[in-house]
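**Student:** Each residue of the sequence shown is one higher than the one before, starting from 171 at the first, in this note's numbering.
Beta carbons are placed, not taken as given, at the ideal position from N, Cα and C, and that holds for glycine.
As the structure is a prediction and not an experimental result, all values here were calculated from the model.
Sending over a structure as structure tokens; questions will come in a sec.
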Amino acid sequence: FFFFSPIYIFPLSSFCCFSSFLLFLWISEAAASSFDHHLSLISFQSHSQVPALSWFTSRKANENAGSAGMRTVALLGAGISGLLGVATVASADEAEHGLEVPNYPWPHQGILSSYDHASIRRGHQVYQQVCASCHSMSLISYRDLVGVAYTEEETKAMAAEIEVVDGPNDEGEMFTRPGKLSDRFPQPYANEQAARFANGGAYPPDLSLITKIREGLHYNPYFPGGAIAMPKMLIDGAVEYEDGTPATEAQMGKDVVSFLSWAAEPEMEERKLMGFKWIFVLSLALLQAAYYRRLKWSIFKSRRLV
171 FFFFSPIYIF PLSSFCCFSS FLLFLWISEA AASSFDHHLS LISFQSHSQV
221 PALSWFTSRK ANENAGSAGM RTVALLGAGI SGLLGVATVA SADEAEHGLE
271 VPNYPWPHQG ILSSYDHASI RRGHQVYQQV CASCHSMSLI SYRDLVGVAY
321 TEEETKAMAA EIEVVDGPND EGEMFTRPGK LSDRFPQPYA NEQAARFANG
371 GAYPPDLSLI TKIREGLHYN PYFPGGAIAM PKMLIDGAVE YEDGTPATEA
421 QMGKDVVSFL SWAAEPEMEE RKLMGFKWIF VLSLALLQAA YYRRLKWSIF
471 KSRRLV
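Here's what the structure looks like:
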């Protein structure tokens with residue numbers, strides 16, 4: 171497992187490619203040396219009647235054979251040094267930057283596409299049942315879910331399940347009340363110190379903008395440094411979806427990422443629509459400007475004053 175872990179895949183592939191390249195160079199050098207040697211022997215036999223030329227040809231053949239051997243040794247030495255350098259740099263680079271994340275075709279990344287709202291609803295369910303016990307989402311209110319993943323009645327019922335400390339009242343005292351649509355998602359801990367104490371010194375980050383930036387002590391090859399403080403939480407069947415979708419590990423991961431992507435950019439769909447509206451309006455303005463430029467102002471620009 172250690173030898174075939176993802177960190178060593180690139181050095182091993184580099185080793186195979188570089189070894190094949192060195193073998194090709196060595197065979198080419200050997201073939202070239204043999205050809206030169208045979209050519210020099212033919213030249214030596216055809217000109218044996220000239221002693222000076224024969225001596226020169228045999229000496230050249232010996233020099234060619236010696237230089238070919240030296241070139242082979244030099245190539246092998248350079249190849250081994252280069253291989254060690256490539257493997258070291260690749261391992262250090264992967265340890266620092268992490269592995270490249272696979273390119274999943276998310277439905278909301280297209281120019282004309284929007285979020286998968288069914289996936290957002292399932293992802294919110296995964297967040298509530300798996301993630302919310304440690305991670306907060308301080309920038310999201312319950313009203314943000316209306317029309318995105320739930321109806322207004324469903325969201326009001328969901329918000330009423332929590333208790334919010336409010337006040338002060340007329341007597342100057344704080345009180346608790348059922349949650350409303352305007353309330354933010356509840357915080358799992360009272361403060362950062364309580365969160366660190368409950369998690370062995372690690373602070374669970376807020377997930378409102380987690381899909382935008384987060385650098386990470388459990389091994390995770392997709393995070394810089396290769397380690398995060400959170401253990402693996404998603405397992406098959408950890409959540410029972412309301413719509414009957416099989417709650418596999420991959421499905422839950424995909425749904426919670428869709429939900430967190432929406433939480434980071436809830437205005438994305440509106441921004442795309444507004445962008446196309448502006449493109450349409452500016453295209454009409456461009457046509458009008460081109461018309462006036464070509465048929466109206468060109469008369470004044472091209473006229474000749476006598």
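Under the three-state reduction of DSSP, which class applies to A397: helix, strand or coil?
**Tutor:** Position 227 of the sequence shown, counted from the first residue, corresponds to residue 397. DSSP places A397 in strand when its eight states are reduced to three.
**Student:** Does the separation of the CB atoms of S378 and A329 fall below 7 Å?
**Tutor:** Walking along the sequence shown from the start, residue 378 turns up at place 208. Walking along the sequence shown from the start, residue 329 turns up at place 159. Not in contact: S378 and A329 (Cβ atoms no closer than 7 Å).
**Student:** So, are the CB atoms of F355 and M400 less than 7 Å apart?
**Tutor:** In the sequence shown, the residue the question calls residue 355 occupies position 185. In the sequence shown, the residue the question calls residue 400 occupies position 230. Contact flag unset, no.
**Student:** From A327 to V296, what distance separates their C-alpha atoms?
**Tutor:** Reading the sequence shown from its first residue, position 157 is the one you call residue 327. Reading the sequence shown from its first residue, position 126 is the one you call residue 296. Each residue's Cα considered, the two are about 18 Å apart.
**Student:** Just to confirm, is the Cβ distance from L351 to R313 under 7 Å?
**Tutor:** Here the question's residue 351 lines up with position 181 in the sequence shown. Here the question's residue 313 lines up with position 143 in the sequence shown. Against a cut-off of 7 Å, the Cβ pair of R313 and L351 comes out as a contact.
**Student:** Short check: CB of G407 to CB of A417, under 7 Å?
**Tutor:** Here residue 407 refers to the residue found at position 237 of the sequence shown. Here residue 417 refers to the residue found at position 247 of the sequence shown. Taking 7 Å as the Cβ cut-off, G407 and A417 qualify as a contacting pair.
**Student:** Which residues bound the beta strand (DSSP E) around F355?
**Tutor:** As a position in the sequence shown, residue 355 is number 185, starting the count at 1. Careful: F355 lies outside any beta strand (DSSP E) and carries neither H nor E.
**Student:** Using the beta-carbon count (16 or more within 10 Å), is V451 buried or exposed?
**Tutor:** To locate residue 451, count along the sequence shown from 1; it is residue 281. Exposed is the call here.
**Student:** Mapping DSSP to helix, strand and coil, what is R347?
**Tutor:** Position 177 of the sequence shown, counted from the start, is the residue given in the question as residue 347. R347 falls in the strand class under three-state DSSP.
**Student:** What does the alpha-carbon distance come out to for the pair A368 and E439?
**Tutor:** Here residue 368 refers to the residue found at position 198 of the sequence shown. Here residue 439 refers to the residue found at position 269 of the sequence shown. Answer to the nearest angstrom: the Cα atoms are 38 Å apart.
**Student:** Might you give, ordered along the chain, the residues of its own chain that have their beta carbon closer than 8 Å to the beta carbon of C301, omitting 5 neighbours on each side?
**Tutor:** Position 131 of the sequence shown, counted from the start, is the residue given in the question as residue 301. For C301, where only same-chain residues beyond five positions count, the Cβ hits under 8 Å are L377, M403, V426.
**Student:** Short of 6 Å in beta carbon distance, which residues of its chain neighbour E333, apart from the five on each side in sequence? Order them along the chain.
**Tutor:** Residue numbering aside, residue 333 sits at position 163 when the sequence shown is read from its first letter. These residues qualify, in order along the chain: T346.
**Student:** Taking the alpha carbon of A360 as the reference point, which residue from C304, H278, G349 has its own alpha carbon closest?
**Tutor:** Counting from 1 along the sequence shown, the entry for residue 360 is found at position 190. Among C304, H278, G349, the Cα nearest to that of A360 is on C304.
**Student:** Determine the direct distance from the alpha carbon of G349 to that of S431, and round the result to whole angstroms.
**Tutor:** Numbered from 1 along the sequence shown, position 261 holds the residue referred to as residue 431. Numbered from 1 along the sequence shown, position 179 holds the residue referred to as residue 349. C-alpha separation (whole angstroms): 25 Å.
**Student:** With distances taken between CB atoms, is the gap from H170 to Y285 smaller than 7 Å?
**Tutor:** Summary: the structure shown does not reach residue 170, with the chain confined to residues 171 through 476, and so no result is reported for it.
**Student:** Beta-carbon within less than 8 Å of M344's beta-carbon, same chain only, minus the 5 sequence neighbours each way: which residues are those?
**Tutor:** As a working mapping, residue 344 is identified with position 174 in the sequence shown. Excluding sequence neighbours, M344 sits near V335, D336, G337, P338.
**Student:** So D336 is in the beta strand (DSSP E); what residue range does that whole segment cover?
**Tutor:** Residue mapping note: residue 336 aligns to position 166 of the sequence shown, counting from 1. Where D336 is concerned, the enclosing beta strand (DSSP E) stretches over 333-336.
**Student:** State the DSSP-derived secondary structure class of V409, mapped to helix, strand or coil.
**Tutor:** Position 239 of the sequence shown, counted from the first residue, corresponds to residue 409. V409 falls in the coil class under three-state DSSP.
**Student:** Taking DSSP as the reference, what is the three-state secondary structure of S311?
**Tutor:** One-based indexing of the sequence shown puts residue 311 at position 141. DSSP places S311 in strand when its eight states are reduced to three.
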